[in-house]
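Chains as they are written, first to last, in full-length UniProt numbering: chain B, 1 to 238; chain A, 1 to 238. The structure under discussion appears below in the form of structure tokens.
2 protein chains.
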Amino acid sequence: MSRRSGILEFAVLGLLRESPMHGYELRKRLNTSLGIFRAFSYGTLYPCLKTLVANGWLIEEPGSAPEDARAASLAGRRAKIVYRLTPEGKEHFEELLSNSGPDSWEDEHFAARFAFFGQTEREVRMRVLEGRRSRLEERLEKMRASLARTRERLDDYTLELQRHGMESVEREVRWLNELIESERAGRDQRQSPSAPPATRKSTSGEAGNLPRHRDAEPSGGTPPGRTGPPDPSADTAK
Amino acid sequence: MSRRSGILEFAVLGLLRESPMHGYELRKRLNTSLGIFRAFSYGTLYPCLKTLVANGWLIEEPGSAPEDARAASLAGRRAKIVYRLTPEGKEHFEELLSNSGPDSWEDEHFAARFAFFGQTEREVRMRVLEGRRSRLEERLEKMRASLARTRERLDDYTLELQRHGMESVEREVRWLNELIESERAGRDQRQSPSAPPATRKSTSGEAGNLPRHRDAEPSGGTPPGRTGPPDPSADTAK
DNA sequence: GTTTTCATGTAACCCGTTACATGATTCA
DNA sequence: TGAATCATGTAACGGGTTACATGAAAAC
């Protein structure tokens, strides 16, 4: 496994960059707002936060006094712990943001990266998007090949399953195409017909250059869809 | 985790029902033809086979003599081991096939079930399909709700991610609708316009009653798409 | 003749979850 | 006052992969 926890670290850093938070809230954001990743349990989150603190990327602050600002010397007080990004943490996150290597093409990793595109530089966004697309295209190639080989042995349902699977991937490729086009259009700052100025709130400073979709009905929970098997195969031998 | 290995067992039994095979080949089929599941490694597969043998569902047979039919008493011979389904195994598989409970609505589980629809009774197929659909609709509901809550705080990219995710789920629901319709149409045996007699090979004895798609370009690798987080949350506190 | 692919196995390890423990705050 | 939610933590367990060991058959 390619360090799923790396995704957690990344996302935590990214969320905390926006504002300090305590663990519980962090987890909620991870599962809902960013709905992207299949949820992490506290058993993963809290230790992870500890690590980040140990690395000097976060500091723990006593939470904004639960109950009220208690002056009493309640030593064993189990207060909310608010985590805040340190300058080093910010720097580290920026470094993570800037890399657009093969890892960032992977399903869950990609989703996490995309979620923070608002804070990512345009060129990096492009590379990530294009990388993701090429990754999916490879996948499609494999699917087509494998299908060509086995096609006639398969029954209708199996075939239909494959067909639907492939269609999903193709659909994501088209989605990426749109995004890439928008990014490109947005690059020369003037607003092209396909990329009118942002109508939705833009957290980042960037212009709104996403493709238009029928505006009601945005969505809410899934990554571009775990699609192909990460294939632990590639064979054990050698 | 809801016993991912249960899926393996099911798929192994299902594949072996069609014909005896050895482990290596089994694994290939699991990753390509059925391309569905994110691949299992040998470290998982072989022990699993052992278990199935121990349960009396499979028997190991010396493979069709590697090299040539060797009569010599090579005791330490590392031959291919071909696994064959026992009558009990077949019975067990049929039992698994017949259950259409909530488990079978889940992402990977569903994909596995669908892959063996050719050997599944129509009523069961219907229940599985409908269950899956309701599961996805729940998911959509949650997504919509969570989105409604957080919408304005989100930036364009996050929103776009959510939108795309939701759209994927909606798309799968439509797919299921088509399938369900076809099943229903197929039930009264005469061939409706939407369900002409099978043109593709049908392994099962059933009539070809799948929805028609532009026929070239079936697909090849992915489950209906890991969509929503299984949500280990539901909160730890009871 | 050597590399690839086929083929079977196992033990160590890693990651993440489950289950539990604890306690404060808010709501009915 | 008791239930639900907020909130933090940890130890044990489990499932699955990685890496390794081994060797035959086929391809080059």
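Note that the Cβ used here is the ideal one computed from N, Cα and C, for glycine as well.
Beta carbon proximity, residue i to chain A, threshold 7 Å
i               : result
F110 of chain B : no
Y157 of chain B : yes
S146 of chain B : yes
F10 of chain B  : no
P197 of chain B : The predicted model places P197 of chain B with a pLDDT of 37, which falls under 50 and marks its position as unreliable; any figure quoted below should be read in that light. Output row for P197 of chain B: interface = no.
T44 of chain B  : no
7 Å Cβ cut-off: residues of chain A touching residue i
i              : result
H22 of chain B : Ordered by position in chain A, no residue passes the 7 Å Cβ test against H22 of chain B, which lies about 16 Å from the chain.
F93 of chain B : The contacting residues do not exist; F93 of chain B stays about 16 Å from chain A at best.
Member of the options whose CA lies at the smallest distance from the CA of residue i
i               : options                       : result
G186 of chain B : B:E121, B:V173, B:E172        : B:E121
E141 of chain B : B:E167, B:D156, B:L154        : B:E167
R135 of chain A : A:E61, A:E183, A:H109, A:P211 : A:H109
A145 of chain B : A:L13, A:G23, A:L15, A:T32    : A:T32
S98 of chain A  : A:V82, A:R17, A:E123, A:L30   : A:E123
Y24 of chain A  : A:R184, A:V82, A:R151, A:Q119 : A:V82
L8 of chain A   : A:F93, A:Q162, A:F117         : A:F93
E181 of chain A : A:E172, A:L210, A:I59         : A:L210
G118 of chain B : A:R184, A:L129, A:G14, A:L161 : A:L161
R17 of chain B  : B:P62, B:E130, B:E91, B:R163  : B:E91
G131 of chain B : B:A148, B:A111, B:E61, B:L147 : B:A111
R184 of chain A : A:R125, A:G165, A:R84         : A:R125
L58 of chain B  : B:T44, B:S41, B:R84, B:Y42    : B:R84
L129 of chain B : B:V12, B:E172, B:S41, B:T150  : B:E172
R139 of chain A : A:L96, A:E60, A:V12, A:G165   : A:G165
Any C-beta of chain B under 7 Å from that of residue i
i               : result
W175 of chain A : yes
G118 of chain A : yes
A115 of chain A : yes
N99 of chain A  : no
Alpha-carbon spacing of residue i relative to residue j, whole angstroms
i               : j               : result
C48 of chain A  : F37 of chain B  : 29 Å
K28 of chain A  : L34 of chain A  : 9 Å
S104 of chain B : G6 of chain A   : 31 Å
V169 of chain B : N177 of chain B : 12 Å
F114 of chain B : P102 of chain A : 32 Å
R3 of chain A   : E88 of chain A  : 22 Å
H213 of chain A : L179 of chain A : 12 Å
S100 of chain B : A39 of chain B  : 24 Å
K80 of chain A  : F10 of chain B  : 46 Å
R127 of chain A : Y46 of chain A  : 32 Å
L26 of chain B  : W175 of chain B : 29 Å
T51 of chain A  : M21 of chain A  : 16 Å
G56 of chain B  : T86 of chain B  : 7 Å
G14 of chain B  : F116 of chain B : 7 Å
R133 of chain B : R163 of chain B : 19 Å
S19 of chain A  : A54 of chain A  : 20 Å
P62 of chain A  : E137 of chain B : 41 Å
E106 of chain B : T44 of chain B  : 21 Å
D155 of chain A : A148 of chain A : 14 Å
L96 of chain A  : L96 of chain B  : 46 Å
Contacts that residue i makes with chain B (C-beta to C-beta distance below 8 Å)
i               : result
G186 of chain A : Going along chain B, no residue has its Cβ under 8 Å from G186 of chain A, so there is no contact; the nearest lies around 11 Å.
Where residue i meets chain B, residues with beta-carbon distance less than 9 Å
i               : result
L210 of chain A : D156, Y157, L159, E160
L136 of chain A : Per Cβ cutoff of 9 Å: no residues; L136 of chain A is ~11 Å from chain B at best.
Listed by chain order, chain A residues near residue i by CB distance under 8 Å
i              : result
L96 of chain B : The contacting residues do not exist; L96 of chain B stays about 16 Å from chain A at best.
Under 9 Å from the C-beta of residue i: neighbouring residues of chain A
i              : result
L15 of chain B : In chain order: nothing, as chain A lies at least about 11 Å away.
Listed by chain order, chain B residues near residue i by CB distance under 7 Å
i              : result
T32 of chain A : S146, T150
Within the region 104-135 of chain A, note down every full alpha helix (DSSP H) run reaching 4 residues or more, in order along the chain.
107-115
Curious, which full-length beta strand (DSSP E) runs of at least 3 residues does the region 163-191 of chain B contain?
none
Only counting runs of 4 or more residues, tell me where the alpha helix (DSSP H) segments fall wholly within the region 18-59 of chain A, in order along the chain.
Whole alpha helix (DSSP H) segments, 4+ residues: 23-31, 42-54.
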